[in-house]
Amino acid sequence: MATAAQFSYVTINSPNCHLTATRSAFSRQLKYGGKYYSGFTDITSSRRKPKSLSVVCNNSSPSSSDISSTAKIRSEVLSPFRSVRMFFYLAFIASAGLGGLIASTRLIAALANLSRGAEVPEILKGLGIDLGAVSIFAFLYYRENKAKNAQVAKLAREENLSNLKLRVDEKKIVPVSAFRGITRLVILAGPSAFISECFKLSAPFTEDLLERGVLVVPFATDGISPSFEFEENDELEEKISRRKRLWQLAPIYATEWTKWIDEQKKLAGVSPESPVYLSLRLDGRVRGSGVGCPSWNAFVLQLPPVKGIWSGLLDGMDGRVL
-15 MATAAQFSYV TINSPNCHLT ATRSAFSRQL KYGGKYYSGF TDITSSRRKP
35 KSLSVVCNNS SPSSSDISST AKIRSEVLSP FRSVRMFFYL AFIASAGLGG
85 LIASTRLIAA LANLSRGAEV PEILKGLGID LGAVSIFAFL YYRENKAKNA
135 QVAKLAREEN LSNLKLRVDE KKIVPVSAFR GITRLVILAG PSAFISECFK
185 LSAPFTEDLL ERGVLVVPFA TDGISPSFEF EENDELEEKI SRRKRLWQLA
235 PIYATEWTKW IDEQKKLAGV SPESPVYLSL RLDGRVRGSG VGCPSWNAFV
285 LQLPPVKGIW SGLLDGMDGR VL
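Residue numbers (this note's numbering): -15 to 306.
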């Protein structure tokens, strides 16, 4: 292949394929011109064993053009009449500009001919209207285009987030987008001590958070894996299991997570060292963010359960998009 390849963590499980290479050699002597020449020939053989082959490489990200096109499509879906408005703004600008050009030529002709001096006030009035129309519609187009670019940039950042990878268990790695419509993710980014503190504060709200489809994504920015202590008790086995379920997700490919979080901090004007949290809606869009530990009680009060008689009616009650 002529194109360059970018690698990701790949695990290939095959019960019948495991390559092990062995090398052997034999020598050969040739007689030529009364002299002997010797050489070695290598033989590489392979055999199959019932084991798994694991390949560990770097992760790859979608190209910026793919993300941009996806973001533009989503922007059109969210604002279907924006393109129509922008088209009419351009049409009105062109029409008023053409009218202003015609009025300008008439004004020059009237000023050059003293007999047409009475037409000058009327021509100036029409020229002023044309220039005013150009200014107004140009401002409206500029504002609409600015809003469009801001929305596309935000959607592109959300697409970047949706492509980040999470480890569900030892054998399952999925992107953030796999949780759309299923769970509400809460991303915690900070040192391991901050993650541990958030873990302790969430304990009283475990049941209520799970009922609302909340799952926590802890990302330790200092590179130290936080330690979650679960009391081993047969009587509390079900409660411990639910605690583990709430905190079961783990981000992988730390470089990409760090890059995305740093971009969010920069846009929000937050210092790079500050611990932050971001909460996502069911549709994967950001609904809230802040510095420090999140208010778990606020999530319980604001978010509706994902199951029950009210789940269908309250699916959109995740809060406004930031």
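Even glycine gets a Cβ: it sits at the ideal position worked out from N, Cα and C.
None of the values given here were measured: they were computed from a predicted structure.
Contact belief for residue i with residue j at Cβ below 8 Å, rounded distance in angstroms
| i | j | result |
| --- | --- | --- |
| residue 160 | residue 172 | Contact flag wrong, Cβ pair sits at about 14 Å. |
| residue 180 | residue 206 | That pair is no contact at about 12 Å. |
| residue 194 | residue 230 | 6 Å |
| residue 274 | residue 261 | 6 Å |
| residue 242 | residue 143 | Rounded, the Cβ-Cβ distance is 18 Å, inconsistent with contact. |
Alpha-carbon to alpha-carbon, residue j and residue i
| i | j | result |
| --- | --- | --- |
| residue 101 | residue 251 | 58 Å |
| residue 174 | residue 210 | 10 Å |
| residue 287 | residue 270 | 14 Å |
| residue 227 | residue 187 | 8 Å |
| residue 236 | residue 198 | 19 Å |
| residue 290 | residue 283 | 13 Å |
| residue 134 | residue 99 | 54 Å |
| residue 190 | residue 266 | 18 Å |
| residue 192 | residue 202 | 19 Å |
| residue 221 | residue 280 | 23 Å |
| residue 115 | residue 65 | 26 Å |
| residue 96 | residue 119 | 28 Å |
| residue 223 | residue 166 | 22 Å |
| residue 5 | residue 204 | Note that residue 5 scores 40 on pLDDT, short of 50, meaning its location in the model is unreliable; the coordinates nonetheless yield the value given after this. So the alpha carbons of these two residues sit roughly 40 Å apart. |
| residue 105 | residue 82 | 19 Å |
| residue 84 | residue 62 | 36 Å |
| residue 155 | residue 246 | 29 Å |
| residue 162 | residue 138 | 20 Å |
| residue 71 | residue 285 | 44 Å |
| residue 130 | residue 200 | 34 Å |
Which residues DSSP lists as bridging residue i, in chain order
| i | result |
| --- | --- |
| residue 146 | In DSSP, residue 146 forms no bridge with anything. |
| residue 159 | 149 |
| residue 168 | 198 |
| residue 235 | 150 |
| residue 173 | 203 and 260 |
| residue 272 | 263 |
Short Cβ contact (7 Å threshold) for residue i with residue j
| i | j | result |
| --- | --- | --- |
| residue 225 | residue 136 | no |
| residue 80 | residue 117 | yes |
| residue 257 | residue 148 | no |
| residue 169 | residue 264 | yes |
| residue 94 | residue 103 | yes |
| residue 272 | residue 164 | no |
| residue 78 | residue 110 | no |
| residue 196 | residue 128 | no |
| residue 107 | residue 90 | yes |
Cβ neighbours of residue i in the same chain (closer than 6 Å, five flanking residues each side left out)
| i | result |
| --- | --- |
| residue 157 | 149 and 151 |
| residue 182 | 172 and 277 |
| residue 73 | 121, 124 and 125 |
| residue 178 | 259 |
| residue 76 | 121 |
Beta carbon proximity, residue i to chain D, threshold 7 Å
| i | result |
| --- | --- |
| residue 229 | Here chain D cannot be found, since the structure has a single protein chain. |
Cβ-based neighbour list, residue i, same chain, cut-off 7 Å, excluding 5 preceding and 5 following
| i | result |
| --- | --- |
| residue 145 | 160 and 244 |
| residue 212 | 183 and 231 |
| residue 132 | 59 and 66 |
| residue 56 | 136 |
Chain-order list of residues whose beta-carbon lies under 8 Å from that of residue i (same chain, five-residue window excluded)
| i | result |
| --- | --- |
| residue 249 | 255, 256, 258 and 260 |
| residue 208 | 175 and 176 |
| residue 238 | 203 and 207 |
| residue 153 | 232 |
Residue i: CB within 6 Å of a non-hydrogen atom of the ligand MN
| i | result |
| --- | --- |
| residue 261 | Inclusion of the ligand MN in the displayed structure is not the case, the ligand content being empty and no account of it being possible. |
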